[in-house]
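Residue numbers (the numbering used here), protein chains in the order written: chain A, 14 to 344; chain B, 247 to 399. All residues carry an ideal CB built from backbone N, CA and C; glycine is no exception. Read the structure below first, then the notes.
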Amino acid sequence: MSKSFGDVWIFGDYRDYFQNRITLQLIAKGKDLAEMLNTGTTVVLLGEQVHQYAMEYVAHGANTVMVAEHPKLKEYEVETYTTLLSQWVKSYRPEIFIAGATSFGREFFPRLAKRLRTGLSADCVDLEVDPKSLLLVQTTPAFGGELLAEVVTPDRRPQMATVHPGVFRELPHNSEAVGRIIYPDVDVFPEPRVKVIRSRPPIKGKVSLEDASVVIAGGMGLRSKEQFELLYELAELLEGEVGATRPAILSGWADEERLLGQTGKSVKAKLVISIGTSGALQFTTGIQGAETVIAINRDPDAPVFRIVDLGLVADAAAVLPILIETLRRRL
Amino acid sequence: MIKYRESKISAHHNYLVNDMLTPGFVVGEPDKQGGFYFLADKVLAGESMPRISCRLLEEGSGNLLVELNWNRIQSNPKACIHQSIPGGFQILLSSGNVLLEVQTQAFANGYLTRIKARLYDEKGFLRIEPLGDSIKVHDAEKPVLDSPFSFSP
Ligand SMILES: Cc1cc2nc3c(=O)[nH]c(=O)nc-3n(C[C@H](O)[C@H](O)[C@H](O)COP(=O)(O)OP(=O)(O)OC[C@H]3O[C@@H](n4cnc5c(N)ncnc54)[C@H](O)[C@@H]3O)c2cc1C
């Protein structure tokens, strides 16, 4: 008789929902994983008045949404979330439980894993079910990003991971979908030791890299701030946004809000043109969700060429003015 | 296992009943001549209005107050009033008291309808009553309708 598995659970992180698509990306991936295990996908959703998110999750492919609606859940509170979810996990026994590596996921998921005495891989860039062992293979950068480690949790359950936003693609919205909704009884809440007095959204700049359909990404190969500024001209012509690698930002060529990669933003643009970037994994994590990637680098062996759709071996200083001029004439 | 309540959920439109979402529900028997029923029918993708059909009876006497077919008055022996409100409608008794309120909230990609009413069947049993900002339904014939209800020909 074949083994039967509990569902694949996804933490419903709906704050800043229409910008933060991580839950939808995880549902899409969760469905692939669940298919391998011949089980379902369940999104767990805590909060108050969260009806529309439950509906969105079903529209994007969740089989089941498990909801706790309560005024005490209106504000995210790490102890309450951890206690409630650990009770649910112990009761319903999911096989896999994943969350976005957002500020929420990063804070309470390690606590939850500890409480459940299971493992957790943080900031994963890929998840697959191994067809032989049926274990979840959690791919995560290790040793400061020098290596990609494949981690499995052979004995403990659930197999838990947080996932870097933007690495998986969400499924399209399907208004005709119908799912199952479960409301477990929740009446016992721990008395939190931390009291939320007020919460305020961060003051945001105008840069919207996550929503841009064209992103021009610049790295140290641009050599100077003046050269880097040519990227804004190129971006304007293509109605796009400018992103940068960590060293380019540390050199003062762009603001922190333009940082792409593991510690910055992930884009799902139609086109990314990456100029003078070596293609370090910590950077490419931020652009691998794009439909098409073009890179310009003068080193034919630069790792960036391994992930691109089109590569141009050339000196950025020579190519950029020509590219801008040509586009200006054509557009 | 922790006890739970369960329903279906539509990606497009739901009613809030018994503190749960549901694509539709039926209380009473729509096909039974003259009897009480309340049908909140499944709303199809592309539509934005709920589909309420019902036969509402007077508490005590069991006489017909009003009959609705897809939100419109079909039969109105007690001169009830159909009144539009933001996002929905109310049915008022001739005394001016609200008999039924149906209000739909539009989200970015879907809709949620809340109902308010206190309704009795022909035997005088309370079948629908207010609960928070919606209703509690007693002994629904079909607590979940995940496809449109079909009346007997
Ligand atoms: C824990 C950790 C997290 C990190 N997170 C991030 C992150 O979120 N985002 C990020 O970007 N980095 C991150 N990094 C740093 C990352 O590892 C790389 O060091 C960084 O991405 C490299 O930036 P770069 O490509 O601009 O510079 P370099 O690696 O110096 O590459 C410059 C490239 O430009 C090319 N070049 C030089 N001259 C020219 C020219 N004239 N024309 C064309 N090409 C030229 C070179 O051939 C080279 O390939 C992180 C590192 C660690 C350890």
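Ranked by Cα distance from E82/A, the options V199/A, K127/A, D26/A are led by V199/A. S380/B and D265/B have their C-alpha atoms spaced approximately 8 Å apart.
A distance criterion of 8 Å places the beta-carbon of I298/B beyond contact range of ligand 1, judged by its closest non-hydrogen atom. Only residues of its own chain outside the window of five on either side were considered, and among them D277 have a CB closer than 7 Å to the CB of S398/B, listed in chain order. Apart from the 5 residues on each side of it in sequence, R34/A sits with its Cβ closer than 7 Å to the Cβ of E183 in its chain, given in chain order.
Neighbours of N187/A in chain B, taken as residues at a C-beta separation under 7 Å, are given in chain order as A257. In summary, the residues of the segment 61-91 of chain A whose CB is separated from some CB of chain B by less than 7 Å are H64, Q65, A67, M68, E69, V71, A72, V78, in the order they occur in the chain. Separation of the CB atoms of L39/A and I111/A is rounded to 5 Å, and the pair is thereby assigned contact status at 8 Å. CA-CA distance, G19/A to L50/A, rounds to 9 Å. Annotation: P389/B has no Cβ neighbours in chain A at a cutoff of 7 Å; minimum Cβ distance is about 12 Å. Considering only F371/B, K388/B, A363/B, D392/B, the residue with the shortest C-alpha distance to G378/B is A363/B. E252/B reaches chain A at R193, I194, I195, Y196, counting residues in chain order whose Cβ is nearer than 8 Å. Chain-order list of chain A residues neighbouring P269/B: V191, by C-beta distance under 9 Å. In the displayed model, P197/A falls within a strand according to three-state DSSP. Ligand 1 has no heavy atom closer than 8 Å to the beta-carbon of T175/A.
The beta carbon of M247/B falls within 9 Å of a beta carbon belonging to chain A, placing the residue at that interface. Close CB contacts of T166/A within its chain, under the 6 Å cut and outside five residues either way in sequence, are with G132, Q172 (chain order). As DSSP reads the structure, M79/A sits in a beta bridge with V57/A, I195/A.
Under the 10 Å beta carbon count, L263/A is surrounded by fewer than 16 other beta carbons and is classified as exposed.
By the Cβ rule, the segment 125-145 of chain A counts as touching the segment 98-112 of chain A, because three or more pairs are nearer than 8 Å.
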